[in-house]
Amino acid sequence: MMAMIPAAGRSVVFVTGNVKKLEEVIQILGDSFPYKLVAKKIDLPEYQGEPDDISIQKCLEAAKQIQGPVIVEDTCLCFTALGGLPGPYIKWFLEKLKPEGLYKLLAGFEDKSAYALCTFAFSTGNPDDPVKLFKGQTQGHIVEPRGPRDFGWDPCFQPEGYIETYAELPKTVKNSLSHRYKALKELSAYFVQHHNPAESLSG
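Going by the numbering used here, the first residue of the sequence shown is number 15, and it counts up by one from there.
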């Protein structure tokens with residue numbers, strides 16, 4: 015049975031305490047997204063494992079707390095030379111090392127390639143409905159930090175085909191090629207395609 019999604023105009027909780035992230039998500043989704051995103055900060059356990067499993071567990075826990083439709087986001091930054099690390103643990107690496115430290119992690123490696131992975135997980139709030147995942151990936155390289163420091167590891171990630179880091183790129187350019195943009199495009203397409211105005215969430 016297909017999971018029901020909210021009627022147009024309904025609110026969907028986006029779990030984040032990061033105002034910058036909320037702004038970017040709303041900007042990328044634009045006016046075509048038929049729902050109102052409401053940001054809410056929730057303390058969720060720090061799960062370990064593969065990115066998909068972490069996203070699903072976090073989404074289920076958030077839905078349980080919210081008792082309604084919810085979207086959670088997870089971001090990974092994966093260094094080829096380190097076998098995919100820091101991966102889903104990038105938040106903790108960044109807190110301890112800052113962008114300079116992330117760059118220095120690869121000091122002994124010739125291969126500076128990396129990819130950014132964004133996963134949005136959506137739950138209707140009904141525990142019987144499966145969690146839907148929407149993923150986006152952008153290839154790039156880890157470089158010495160350049161640009162503003164207001165958005166995590168953006169200063170040290172240079173997307174493939176560009177001479178600027180995420181931090182140096184104009185927001186409109188970054189938001190047209192980023193891992194988050196690609197994942198949100200999938201999420202938005204799903205909501206628009208499966209939306210039925212006559213339906214609302216069960217429960």
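Glycine included, every Cβ here is placed at the ideal spot set by N, Cα and C.
For clarity, every value in this text was computed on a predicted model and none was experimentally measured.
Rounded to whole angstroms, what is the Cα-Cα separation between residue i and residue j?
{"i": "L198", "j": "G150", "result": "8 Å"}
{"i": "S216", "j": "T138", "result": "Summary for S216: the model assigns pLDDT 37, below 50, so the residue's position carries little reliability, and this model does not support an answer."}
{"i": "D88", "j": "P65", "result": "8 Å"}
{"i": "D286", "j": "L183", "result": "The shown model of the chain, from 15 to 217, leaves out residue 286, and the question about it has no answer."}
{"i": "S25", "j": "D57", "result": "20 Å"}
{"i": "F28", "j": "F136", "result": "9 Å"}
{"i": "G82", "j": "K146", "result": "15 Å"}
{"i": "F148", "j": "H193", "result": "11 Å"}
{"i": "A181", "j": "P102", "result": "20 Å"}
{"i": "E37", "j": "K188", "result": "13 Å"}
{"i": "A203", "j": "K196", "result": "11 Å"}
{"i": "G154", "j": "C132", "result": "14 Å"}
{"i": "N210", "j": "L201", "result": "Confidence is the limiting factor: at N210 the pLDDT is only 49, short of 50, which leaves the residue's position unreliable, though a coordinate-based value still follows. Using only the alpha carbons, I get a separation of about 16 Å."}
Identify which residue in the options has its Cα closest to the Cα of residue i.
{"i": "S190", "options": "L36, L43 and G154", "result": "L43"}
{"i": "C90", "options": "F47, Q62 and E114", "result": "Q62"}
If you follow the beta strand (DSSP E) that residue i is in, where does it begin and where does it stop?
{"i": "G154", "result": "K146 to I156"}
{"i": "T227", "result": "Shown here, the chain extends from 15 to 217; a query on residue 227 therefore has no answer."}
{"i": "L51", "result": "K50 to K54"}
{"i": "Q172", "result": "F171 to P173"}
When you compare the CB positions of residue i and residue j, do they come within less than 8 Å of one another, or not?
{"i": "I156", "j": "L120", "result": "yes"}
{"i": "T30", "j": "K55", "result": "yes"}
{"i": "E75", "j": "P59", "result": "yes"}
{"i": "L116", "j": "F107", "result": "yes"}
{"i": "K72", "j": "V52", "result": "no"}
{"i": "T186", "j": "P173", "result": "no"}
{"i": "G161", "j": "T179", "result": "yes"}
{"i": "S46", "j": "V206", "result": "yes"}
{"i": "K218", "j": "D164", "result": "Missing from the structure shown is residue 218; the chain here goes from 15 to 217 and no further."}
{"i": "P113", "j": "P159", "result": "yes"}
Taking 7 Å as the cut-off, does the CB of residue i come closer than this to any heavy atom belonging to the ligand ADP?
{"i": "V145", "result": "Because no ligand of any kind appears in the structure shown, any question about the ligand ADP cannot be addressed here."}
State the start and end residues of the unbroken alpha helix (DSSP H) segment that holds residue i.
{"i": "T186", "result": "K185 to K188"}
| request: Please confirm if the segment 124-134 is in contact with the segment 86-96, defined as three or more CB-CB distances below 8 Å between the two stretches. | output: They touch, by the three-pair rule.
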